Amino acid sequence: MAYDKFTVLTSTAVPLPTDNVDTDQIIPARFLKATEREGFGDNLFRDWRYDVEGNPKKDFVLNDPTYSGKILVSGRNFGSGSSREHAVWAIYDYGFRCVVSSFFADIFKNNCLNIGVLPVTVSPEFADKLLETITANPETTITVDIPNQKITLDSTGESESFDINEYKKDNMQNGFDDIDYLLNMSDEIDAFAANK
Amino acid sequence: MEKTTLFDKIWDAHVVKSVPAGPDVFFIDKHFIHEVTSPVAFLNLEKRGIGVKNPSRTVATPDHNVPTVDQDKTIKDKLSRMQVERLRENCAKYGIELHDLGSAHHGIVHVIGPELGITQPGMTIVCGDSHTSTHGAFGAIAFGIGTSEVEMVLATQCIMQSKAKKMRITIDGVAGPGVTSKDLILYVIAQISAAGATGYFVEYAGSAIQSLSMEARMTVCNMSIEMGARGGLIAPDETTFEYLKGKQYSPKGEEWDKAVAYWKTLKTDEGAVFDKEYHFDAADIEPMITYGTNPGMGIKVLGNIPTTDGMEGSNKTSYLKSLAYMGFEPGEAIKGKKVDFVFVGSCTNGRIEDIRSVAAFVKGHKKAENITAWIVPGSREVEKMAHEEGLVKILEEAGFELRQPGCSACLAMNDDKIPSGKYAVSTSNRNFEGRQGPGARTMLASPLTVAAVAVKGEICDPREVFLN
Chain Y
1 MAYDKFTVLT STAVPLPTDN VDTDQIIPAR FLKATEREGF GDNLFRDWRY DVEGNPKKDF
61 VLNDPTYSGK ILVSGRNFGS GSSREHAVWA IYDYGFRCVV SSFFADIFKN NCLNIGVLPV
121 TVSPEFADKL LETITANPET TITVDIPNQK ITLDSTGESE SFDINEYKKD NMQNGFDDID
181 YLLNMSDEID AFAANK
Chain S
1001 MEKTTLFDKI WDAHVVKSVP AGPDVFFIDK HFIHEVTSPV AFLNLEKRGI GVKNPSRTVA
1061 TPDHNVPTVD QDKTIKDKLS RMQVERLREN CAKYGIELHD LGSAHHGIVH VIGPELGITQ
1121 PGMTIVCGDS HTSTHGAFGA IAFGIGTSEV EMVLATQCIM QSKAKKMRIT IDGVAGPGVT
1181 SKDLILYVIA QISAAGATGY FVEYAGSAIQ SLSMEARMTV CNMSIEMGAR GGLIAPDETT
1241 FEYLKGKQYS PKGEEWDKAV AYWKTLKTDE GAVFDKEYHF DAADIEPMIT YGTNPGMGIK
1301 VLGNIPTTDG MEGSNKTSYL KSLAYMGFEP GEAIKGKKVD FVFVGSCTNG RIEDIRSVAA
1361 FVKGHKKAEN ITAWIVPGSR EVEKMAHEEG LVKILEEAGF ELRQPGCSAC LAMNDDKIPS
1421 GKYAVSTSNR NFEGRQGPGA RTMLASPLTV AAVAVKGEIC DPREVFLN
């Protein structure tokens, strides 16, 4: 469904310097039993965030009030594993609009773009720089600029450009989703299907 | 004429339109749905006030969260029950074929599709499940999608998709005794890493692949996603046609001949170029097992867990975190490690050949005292065959507990959970933290290795246990 438009976002960020964060960590399978898209943020990173009794684990970053913001900066190969879109729903519902990593799993990246979470791929060096800086200075902000395809560490002005295809870029800026596009070309699809 | 790959041929034949500087509008031949990733898609259709464009192209079955006992009774877990009921309602409302709990062809979606002959060469197949890559074994483009895309397929029979890069993995040579297709794919993933094929669609080729049965090919393609690939496929051949002949949804009569003639054209042209190629020799591959928390962390069962030599930064931190979760030390041998549970099942290894091989190997043995052994058929059809062939009796005499079909302990959405801290050797596909239950420690292996571990009670080489 349509989501909030995304053009330029300036926010503090949450560091998660772990590689291979799979979608079972983002939201464990036992929390996928809903029939509606609500409340998934409560179980974001559930087993890293809470112990078996449901008490917050002090050493996990989401339980550390020092860190907050709409941007999550993670280690390499973020979002691997299951295709569950619930993982992105949980990220969105928690309040993140952008995830930064040096490498994303494919299906996860598609799922993000389909619901209005921006996956920003940066170089491993820049990812390390961001992680170090926001860990040391939680007040530091990062600016993600879709029209100019640029991510900037505001405290130093260091920046990198990132890839996003024109179609998705347009969608993100206007809050459109793919179904709007596909429904508009239903005659072409019908003509194609008739020859199958 | 331009030399093209099998992937190109199928992909290009399904592009309705290429969006300039954007993805392709990609036509989907078959769409599988299950109870967990479809309800929100249907809900959104309702919100938009639109219906299902072509219900005959979608097939449904509840598999992910269903109990594996008492399937004839009402599901006890309220949320699971609601998801299954919602699937029933949605299928009834839109006229979608449903293979419900207890029906003759109920089972894991990636087991029943091939079993019914719904999966065919040259098709494009999607499902809200990453192991949809399984269907690639038939020479189809098959991959997992998110719920927004499930909604797109229901609404329009298309998704917006950028074409992946192409990789070919060639395995030639002959694998030794006790080495299965699960070992082949665990070896490949260990070689190229859990992210090594991200951005690619993989074609598996070579004599060691061609000599595999359809079920063994499905195991290979199933785990493509575990190295990050969108999917994996194998060119159809006589083995494929033989498997499909006479299946319920396979073409019949003249249609069959026409289909086979087309299917025979589905192969990569000699000289076609891939973006990346790997070559492996099956003779180098031994029974494999994973020791860490992603499927790329695999070694031969006779090997040692890698040391941290040469690792640094977040790579080393993540590695040590993974071993700490597993309770293992860098450099130690994996053989001899104590095990608590074995699980035979899942869309990776829950087919009849898997159950046959476990039964053949444990016949006349008993499981070790310390082991709880679960065997969960991939479908009702598999369960039926296992009974008819006397396999269930053999397995029960060996101390295995046979359960009813479903995804079960592969992802532990139902009650089939490995307790926290316990070790499970599993024929499934993922060893992520908590995958088989909070705190559960999973080691992935072939059905043969699992059979050997069940008997010995600890990590061991199936060749030492059974082949002597």
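Sequences listed follow chains Y and S, in order.
Count the first sequence with my numbering and you get residues 1 to 196, in order.
Count the second sequence with my numbering and you get residues 1001 to 1468, in order.
All residues carry an ideal CB built from backbone N, CA and C; glycine is no exception.
Keep in mind the model is a prediction, meaning the values are calculated, not measured.
For S:Q1161, the enclosing beta strand (DSSP E) starts and ends at 1158–1161. Rounded to whole angstroms, the separation of the alpha carbons of S:G1421 and S:F1042 is 38 Å. By the C-beta density criterion, S:Q1083 is buried, having at least 16 other C-beta atoms within 10 angstroms. Within the model, the alpha-carbon separation for S:A1373 versus S:T1124 is close to 37 Å. With its beta carbon at least 8 Å from every one in chain Y, S:C1091 lies outside the interface.
DSSP places Y:Y181 inside the alpha helix (DSSP H), whose first and last residues are 178–184. Taking 8 Å as the cut-off, the Cβ atoms of S:G1122 and Y:I107 do not count as close.
If you compare the alpha carbons of S:K1247, S:D1129, S:M1152 with that of Y:N114, the shortest gap goes to S:M1152.
Pairing S:F1201 with S:G1136, the inter-Cα distance amounts to about 10 Å. Y:T121 and Y:D59 do not touch by the CB rule: their CB atoms are close to 28 Å apart, not below 8 Å. DSSP places Y:P119 inside the beta strand (DSSP E), whose first and last residues are 118–121. Within the stretch 1089–1149 of chain S, the runs of alpha helix (DSSP H) that reach at least 4 residues and sit entirely inside it are, in chain order, 1109–1115.
DSSP places Y:C98 within a strand segment (E or B) once states are collapsed to three. Remark: C-beta atoms of S:H1106 and S:P1377 do not approach each other more closely than 8 Å.
Non-local C-beta neighbours of S:E1401 in its own chain, meaning closer than 6 Å and more than five positions away in sequence, comprise W1374, ordered along the chain.
A distance below 8 Å between beta-carbons, with the five flanking residues on each side excluded, links Y:D24 to the following residues of its chain, in chain order: G81, S82. Assigned with DSSP and collapsed to three states, S:P1039 falls in helix. Secondary structure of Y:P15 (DSSP, three-state): strand. Closest in alpha carbon position to Y:Y67, among Y:G79, Y:A13, Y:I26, is Y:A13. Neighbours of Y:V52 across chain S, judged by C-beta separation under 8 Å: S1420, P1438, G1439.
Neighbourhood of Y:E132 in chain S, by CB distance below 8 Å: empty, with the nearest CB roughly 11 Å away. Beta-bridge partners of S:M1167 (DSSP): S:V1202, S:K1276. Counted as a single uninterrupted DSSP element, the alpha helix (DSSP H) harbouring Y:D24 occupies residues 23–26. S:R1430 reaches chain Y at D22, D24, G81, S82, counting residues in chain order whose Cβ is nearer than 9 Å.
Close to Y:N111, with beta-carbon spacing below 9 Å, are these residues of chain S in chain order: I1145, G1146, T1147, S1148, E1149.
The CB of S:T1037 comes closer than 9 Å to the CB of L32, S83, R84, E85, H86 in chain Y, given here in chain order. For the stretch 67–98 of chain Y, the full-length beta strand (DSSP E) segments reaching 3 residues or more read 71–74 along the chain.
Only A1194, A1195, T1198, G1199 from the stretch 1180–1208 of chain S bring a Cβ to less than 7 Å from some Cβ of chain Y. In the DSSP assignment, S:E1458 forms a beta bridge with S:K1338. For the pair Y:D178 and S:C1158, the Cα-to-Cα distance works out to about 10 Å.
Between S:P1055 and S:Y1094, the beta carbon gap of about 5 Å places them in contact (Cβ cut-off 8 Å).
In summary, the residues of the stretch 174–189 of chain Y whose CB is separated from some CB of chain S by less than 8 Å are D177, D178, I179, Y181, L182, L183, M185, S186, E188, I189, in the order they occur in the chain. Remark: C-beta atoms of S:E1097 and S:A1060 approach each other more closely than 8 Å. When DSSP reads this structure, S:I1352 sits in no beta bridge, so it has no partner. Here S:K1456 has A1368, V1465 as same chain residues with Cβ atoms under 7 Å from its own Cβ, once five neighbours each way along the sequence are excluded.
Distance between S:A1360 and S:M1218, taken at the CA atoms: about 21 Å.
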